[in-house]
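In what follows, a single structure is set out as structure tokens and then discussed.
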């Protein structure tokens, strides 16, 4: 099987029935200056026109369009993107649609996080995946909690300067319940 590397992506020749095995290979720079240059290059790529010649499914194209519409520092959840592309419950599919993109492809997939604000493991990027994603978000003004979650999602934590948060989870205000308890009890079938 022949392979070559282009734009941080290792592409292998078609396998069976025309399928192509795609593996990202991103190397984090050795020095802080190299890492800063990588982050700057990834952020710059997001402001350039997207290569429309790339073969995308209709769902991938919708996800890419939605994610490219996010402002720097704006953090959303996979579930929120799924709702925007009219695929409620399709958070995993959104993650799979974003997986083939390297940080330099102009799709700011690092702005999409898990519902609790945690970053995914980014195994498809190799060892530097998580530090690179964290660096990209920090460069956009996104803050983190001590346990590594995006600060805007943590209750009671100060929101970092930068963009906002959009989540598919709707918080419900406690409402009085006229059963024996005074506030909404999630275990109470009448309060749900």
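In UniProt numbering, the protein residues as written are 1 to 192. The beta-carbon is built from N, C-alpha and C at its ideal position, and this holds for glycine as well.
Inset, instruction - Assuming residue 81 and residue 112 form a contact by the criterion Cβ under 8 Å, report the distance between their Cβ atoms to the nearest whole angstrom. - result: The count along the chain shown starts at 1 and reaches residue 81 at position 81. The count along the chain shown starts at 1 and reaches residue 112 at position 112. Rounded, the Cβ-Cβ distance is 6 Å, consistent with contact.
Inset, instruction - Answer with buried or exposed for residue 117, where buried requires no fewer than 16 other C-beta atoms within 10 angstroms of its C-beta. - result: For the purposes of this step, residue 117 is identified with residue 117 of the chain shown, where counting begins at 1. It counts as buried.
Inset, instruction - Measure the C-alpha to C-alpha separation of residue 37 and residue 74 and round it to an integer number of angstroms. - result: Sequence index remark: in the chain shown, residue 37 carries index 37 (1-based). Sequence index remark: in the chain shown, residue 74 carries index 74 (1-based). In this structure, the CA atom of residue 37 is about 21 Å from the CA atom of residue 74.
Inset, instruction - Return helix, strand or coil for residue 144, following the three-state DSSP convention. - result: Walking along the chain shown from the start, residue 144 turns up at place 144. Of the three classes helix, strand and coil, the one that applies to residue 144 here is strand, per DSSP.
Legend entry - Bounding residues of the alpha helix (DSSP H) (the contiguous stretch that carries residue 81): In the chain shown, counting from the first residue as 1, residue 81 sits at position 81. Taken as a continuous stretch (DSSP letters only), the alpha helix (DSSP H) holding residue 81 covers 78-84.
Legend entry - Selection from 66, 97, 95, 92 that minimises the alpha carbon distance to residue 84: Translated into positions along the chain shown, residue 84 becomes position 84. Checked all of 66, 97, 95, 92; the closest Cα to residue 84 is 66.
Inset, instruction - Determine the burial state of residue 60: buried for a count of at least 16 other Cβ atoms within 10 Å of its Cβ, exposed for fewer. - result: For the purposes of this step, residue 60 is taken as residue 60 along the chain shown, with counting starting at 1. Around the C-beta of residue 60, 16 or more other C-beta atoms lie within 10 Å, and the residue is accordingly described as buried.
Inset, instruction - Using three-state DSSP, classify residue 133 as helix, strand or coil. - result: Translated into the one-based positions of the chain shown, residue 133 becomes position 133. Reduced to three states, the DSSP call for residue 133 is helix.
Legend entry - residue 33 classed as buried or exposed, judged by whether at least 16 other C-beta atoms fall within 10 angstroms: To locate residue 33, count along the chain shown from 1; it is residue 33. The residue in question, residue 33, is exposed, as its Cβ has fewer than 16 Cβ neighbours within 10 Å.
Legend entry - Same chain, Cβ closer than 6 Å to residue 46, neighbours up to 5 away in sequence not counted: As a position in the chain shown, residue 46 is number 46, starting the count at 1. Closer than 6 Å at Cβ, skipping near neighbours: 106, 108.
Inset, instruction - Give the C-beta separation of residue 78 and residue 114 to the nearest angstrom, bearing in mind that I take them to be a contact with Cβ-Cβ under 8 Å. - result: If you number the chain shown from 1, residue 78 lands on position 78. If you number the chain shown from 1, residue 114 lands on position 114. Confirmed, Cβ separation roughly 7 Å.
Legend entry - Cβ-Cβ distance between residue 131 and residue 42 below 8 Å: On the chain shown, residue 131 is found 131 positions in, with the first residue counted as 1. On the chain shown, residue 42 is found 42 positions in, with the first residue counted as 1. For the 8 Å CB-CB criterion, residue 131 and residue 42 do not form a contact.
Inset, instruction - For residue 50, I'd like the list of residues in its chain whose CB is within less than 6 Å of its CB, leaving aside the five on either flank, ordered along the chain. - result: For the purposes of this step, residue 50 is taken as the residue at position 50 of the chain shown. Leaving aside the five residues that flank residue 50 on each side, the residues in its chain whose CB is nearer than 6 Å to its CB run, in chain order, 106.
Inset, instruction - Measure from the alpha carbon of residue 146 to the alpha carbon of each residue in 72, 134, 139, then state which is nearest. - result: The count along the chain shown starts at 1 and reaches residue 146 at position 146. When the alpha-carbon of residue 146 is set against those of 72, 134, 139, the nearest one is in 134.
Legend entry - Three-way DSSP call (helix, strand, coil) for residue 63 in this model: Residue mapping note: residue 63 aligns to position 63 of the chain shown, counting from 1. Note: residue 63 maps to helix in three-state DSSP.
Legend entry - residue 107 in three-state terms, based on DSSP: Within the chain shown, numbered from 1, the residue matching residue 107 stands at position 107. Note: residue 107 maps to coil in three-state DSSP.
Legend entry - Extent of the continuous alpha helix (DSSP H) run through residue 91: Taking the first residue of the chain shown as position 1, residue 91 is located at position 91. Taken as a continuous stretch (DSSP letters only), the alpha helix (DSSP H) holding residue 91 covers 91-98.
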